[in-house]
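**Q**
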Amino acid sequence: MSHEASAGHGHEEHPPTTIRQYVLIGIILAVITAVELVVSYYPPGSLEIPLLLGLSAVKFGIVAALFMHLKFEHKIMTRMFLIGIVLAASLMIAVFALFTHDDTDNRVLPDREAITAGAGGH
Amino acid sequence: MAAAAHDAGHQTSLGVDNRKLLMWIFLASECLFFGTLISTYLIFKGQSLVGPFPGDILDIPLTSTSTFVLLMSSVTMVLAVYGAQHGRLGLMRGMLVGTILLGTTFLGFQVYEFRHFGHVGLNLGTNQFGATFFLMTGFHGVHVGVGVLYLTSLLLGSMRRSGLGKERALWVDTAGLYWHFVDVVWIVIFTIVYLIPE
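Chains as they are written, first to last, in our numbering: chain B, 8 to 129; chain C, 20 to 217.
What follows is the structure in C-alpha cells.
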C-alpha cells in the first residue's frame, strides 16, 4: 500500500528506502554522470547521441522513481506527472514541426568560415 | 495532535494529500514550460551566424562539477525528507542546510559562467545561441534560487517551537519534490546543451 493511501487511514508508512540506499543511489547517479562525460569526450560514433540521451533518461527515471518516491506513491501522482511529460513532448514535436515544415532548404548549418572571411574583407 | 488533525483535513477521497497532488500538478505544468524553452534552444542550435559559438566557450569540466553539486543536493534533500518522516529533526535540519549550501554553490557556478560568457562577448542579443542559452539556463537558475528560498523558509520554520515536526513531514516532502524536479530538469539541460555536440 502506498504511503499516502495508508496515511489517509490513520497509519504512517514511508518509502522503505534506508539512508544507506539513498547514498548508494546518489553514487550511482554520480557514476552515470561520469560515464556521460567519458562518452562526450570519446564519442562512440553514431551511438553517441542515443547513448547520452539514454543515460540522461536513466538518471531522470532514478530521481523520479526513488528520490521523488513515485515508485511508492499513489498512482495518480505518476499519472499527473506523465500527463505533463507527454504534453511537453507533444508540444516539442509541434514546435519542431511548425518551425521546420517546408523550410528544409534553410535548415542547414551556416557557412561560418565564409561569413568570417567576408567580415574580415570589409 | 492538533497538527496531525490539521494535516488529516487535507486528505482527498483517494487518500492522497491535496497539497502533494497540487505540487505534482504544478510540476506537470513546469514540464511544459521547460519543454518550450528546450525546444526553442534545439530549433536554433547551430544556426548562429556570429560567435561566440557553443564549442568555443562552453566549459564542460566546470559545468560537470556544478552538475555533480546539484545531484548531491538531491541526495541531501531526500535525506532531509527521510529525517522529517522518521522524526529525526537534527538530521532533517542538517540536510536542509546542506541542500541550501549546495544549491547556492550551484548558483555560484552559474553566475561565474554567465559573467565569463559576458566577458568573451556573449549575451542575450549576440546570437541565437546566446538568446536561447541564457533564457533556458537563466530560468532554471531562477527555479534553483526559488528552491533555496523555499528550503530556507522551511529551515527557519523548523526552528520555531511549534515548527516542523514529524506530523508535518509532508511540508518537507513537498519541497523535496520541487527540488528534485529542478534537478531532473538540469539533467536534461546538461545533456542537451553541454554533452551533445553542435
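Built from N, CA and C at the ideal position, the CB exists for glycine as well. Because the structure is a prediction, the values reported are computed rather than measured.
Show which residues of chain B have a CB atom less than 7 Å away from the CB atom of Leu98/C.
**A** By one-based count along the second sequence, residue 98/C stands at place 79. In chain order: Ile26 and Tyr29.
**Q** Any C-beta of chain B sitting closer than 8 Å to the C-beta of Phe87/C?
**A** Along the second sequence, one-based indexing puts residue 87/C at 68. With 8 Å as the cut-off, Phe87/C counts as an interface residue toward chain B.
**Q** Suppose you measure from the CA of Ile44/C to the CA of Ala124/B; what does that come to, to the nearest Å?
**A** As a first step, residue 44/C is located in the second sequence; it is residue number 25 there, counting from the start. As a first step, residue 124/B is located in the first sequence; it is residue number 117 there, counting from the start. Computed Cα separation, rounded: 52 Å.
**Q** Below 8 Å on the Cβ atoms is my guess for Gly166/C versus Val204/C; work out the distance and round it to an integer in Å.
**A** As a first step, residue 166/C is located in the second sequence; it is residue number 147 there, counting from the start. As a first step, residue 204/C is located in the second sequence; it is residue number 185 there, counting from the start. Going by Cβ atoms, the distance from Gly166/C to Val204/C rounds to 11 Å, so no, they are not a contact pair.
**Q** DSSP state of His21/B, grouped into three classes?
**A** Counted from its first residue, the first sequence places residue 21/B at position 14. Here His21/B sits in coil by DSSP.
**Q** Flag Gly33/B as yes if its beta-carbon sits less than 8 Å from any beta-carbon of chain C, otherwise no.
**A** Here residue 33/B is taken as the residue at index 26 of the first sequence, counted from 1. Chain C contact via Cβ: present.
**Q** If we define contact as Cβ-Cβ less than 8 Å, is Ala104/B a contact residue for chain C?
**A** What you label residue 104/B is simply residue 97 of the first sequence in a count that begins at 1. For Ala104/B, the answer is no, since every Cβ of chain C falls outside 8 Å of its Cβ.
**Q** Note down the Cα distance separating Val207/C from Phe67/B, rounded to an integer number of angstroms.
**A** Translated into positions along the second sequence, residue 207/C becomes position 188. Translated into positions along the first sequence, residue 67/B becomes position 60. Cα-Cα distance, rounded: 8 Å.
**Q** Per the contact definition of three or more C-beta pairs closer than 8 Å, is the stretch 95 to 102 of chain B in contact with the stretch 46 to 63 of chain C?
**A** Cβ pair count under 8 Å is three or more, so yes.
**Q** Note down, in chain order, all residues in the stretch 127 to 159 of chain C with a beta-carbon under 7 Å from any beta-carbon belonging to chain B.
**A** Per Cβ criterion, the list is empty.
**Q** Report yes or no: is there a C-beta of chain C within less than 8 Å of the C-beta of Lys66/B?
**A** By one-based count along the first sequence, residue 66/B stands at place 59. Chain C contact via Cβ: present.
**Q** For Leu54/B, which residues in chain C fall below 9 Å Cβ to Cβ?
**A** Taking the first sequence and counting its residues from 1, the one referred to as residue 54/B is at position 47. Per Cβ cutoff of 9 Å: no residues; Leu54/B is ~12 Å from chain C at best.
**Q** Kindly give me the distance between the Cβ atoms of Leu77/C and Ile26/B, rounded to whole angstroms, as I take these residues to be in contact under 8 Å.
**A** Reading the second sequence from its first residue, position 58 is the one you call residue 77/C. Reading the first sequence from its first residue, position 19 is the one you call residue 26/B. Not quite, the Cβ-Cβ distance comes to about 36 Å (not below 8 Å), so this is no contact.
**Q** Applying the criterion that 16 or more other CB atoms from any shown protein chain within 10 Å of the CB defines a buried residue, is Phe158/C buried or exposed?
**A** Here residue 158/C refers to the residue found at position 139 when the second sequence is read from its first residue. Exposed is the call here.
**Q** What residues of chain B sit near Gly166/C, judged by a beta carbon separation below 7 Å?
**A** Here residue 166/C is taken as the residue at index 147 of the second sequence, counted from 1. Chain B residues near Gly166/C: none, gap ~14 Å exceeds 7 Å.
**Q** For Met87/B, which of helix, strand or coil comes out of DSSP?
**A** In the first sequence, counting from the first residue as 1, residue 87/B sits at position 80. Of the three classes helix, strand and coil, the one that applies to Met87/B here is helix, per DSSP.
**Q** So which residues of chain B does Ile76/C contact, with C-beta pairs closer than 7 Å?
**A** The sequence position of residue 76/C within the second sequence is 57, counting from 1. None at all; the shortest Cβ gap to chain B is about 15 Å.
**Q** Can you list, in chain order, the stretches of the alpha helix (DSSP H) that have 4 or more residues and sit fully within the stretch 121 to 191 of chain C?
**A** With a minimum length of 4 residues, the continuous alpha helix (DSSP H) runs that stay inside the stretch 121 to 191 of chain C are 147 to 177.
**Q** Between the stretch 118 to 128 of chain C and the stretch 65 to 82 of chain B, do three or more beta carbon pairs fall short of 8 Å?
**A** The answer is no - the stretch 65 to 82 of chain B does not touch the stretch 118 to 128 of chain C, with fewer than three Cβ pairs under 8 Å.
**Q** Can a CB atom of chain B be found closer than 8 Å to the CB of Trp190/C?
**A** Your numbering for residue 190/C matches position 171 in the second sequence. Chain B, which has no Cβ nearer than 8 Å to the Cβ of Trp190/C, makes this no.
**Q** Closer than 7 Å between beta carbons: that is the criterion. Which residues of the stretch 59 to 89 of chain B meet it against chain C?
**A** Flagged, chain order: Leu59, Leu60, Ser63, Lys66, Phe67, Val70, Ala71, Phe74, Met75, His81, Ile83, Met84, Met87 and Phe88.
**Q** Between Met111/C and chain B, is there a C-beta pair that is closer than 8 Å?
**A** For this step, residue 111/C is matched to residue 92 along the second sequence. No, no contact with chain B.
**Q** Note down, in chain order, every chain B residue with its Cβ under 7 Å from the Cβ of Ile119/C.
**A** For the purposes of this step, residue 119/C is taken as the residue at position 100 of the second sequence. Under the 7 Å cutoff, chain B gives no residues; its nearest Cβ is about 17 Å from Ile119/C.
**Q** Taking the alpha-carbon of Pro80/C as reference, which of Leu94/B, Ala41/B and Val93/B has the nearest alpha-carbon?
**A** In the second sequence, the residue the question calls residue 80/C occupies position 61. Closest option to Pro80/C, Cα to Cα, is Ala41/B.
**Q** Show which residues of chain C have a CB atom less than 8 Å away from the CB atom of Ala37/B.
**A** Indexing the first sequence from 1 puts residue 37/B at position 30. By Cβ distance, chain C contributes Phe87, Leu90 and Met91.
**Q** How would you label Asn37/C, buried or exposed, when you count the other beta carbons within 10 angstroms and need 16 or more for buried?
**A** For the purposes of this step, residue 37/C is identified with residue 18 of the second sequence, where counting begins at 1. Under this definition Asn37/C is an exposed residue.
**Q** Using the Cα positions of Leu46/C and His76/B, report the straight-line distance between them to the nearest angstrom.
**A** Reading the second sequence from its first residue, position 27 is the one you call residue 46/C. Reading the first sequence from its first residue, position 69 is the one you call residue 76/B. C-alpha separation (whole angstroms): 14 Å.
**Q** Is the Cβ-Cβ distance between Gly46/B and Leu58/B less than 8 Å?
**A** Start at 1 with the first residue of the first sequence, and residue 46/B comes out as number 39. Start at 1 with the first residue of the first sequence, and residue 58/B comes out as number 51. With the sequence shown as reference, residue 46/B is identified as Val, and Gly is not the correct amino acid for it. Cβ distance < 8 Å, so Val46/B and Leu58/B count as in contact.
**Q** Identify each residue in the stretch 192 to 205 of chain C for which the Cβ-Cβ distance to at least one residue of chain B is less than 7 Å, and report them in chain order.
**A** Residues passing the 7 Å Cβ filter: Leu196, His199, Asp202 and Val203.
**Q** At least one CB of chain B closer than 8 Å to the CB of Gly34/C: is that the case?
**A** For the purposes of this step, residue 34/C is taken as the residue at position 15 of the second sequence. Interface residue, yes.
**Q** Can you tell me which of the three DSSP states Tyr101/C falls into?
**A** On the second sequence, position 82 is the one that residue 101/C refers to. Here Tyr101/C sits in helix by DSSP.
**Q** What do you reckon, are the CB atoms on Tyr169/C and Tyr131/C nearer than 8 Å?
**A** As a working mapping, residue 169/C is identified with position 150 in the second sequence. As a working mapping, residue 131/C is identified with position 112 in the second sequence. Taking 8 Å as the Cβ cut-off, Tyr169/C and Tyr131/C do not qualify as a contacting pair.
**Q** Among Phe52/C, Tyr101/C, Phe63/C and Leu40/C, which has the Cα closest to the Cα of Gly149/C?
**A** Residue mapping note: residue 149/C aligns to position 130 of the second sequence, counting from 1. When only C-alpha atoms are compared, the closest one is Phe63/C.
**Q** In three-state DSSP terms, what is Phe63/C?
**A** Along the second sequence, read from residue 1 onward, the residue named residue 63/C stands at position 44. Coil at Phe63/C, not helix or strand.
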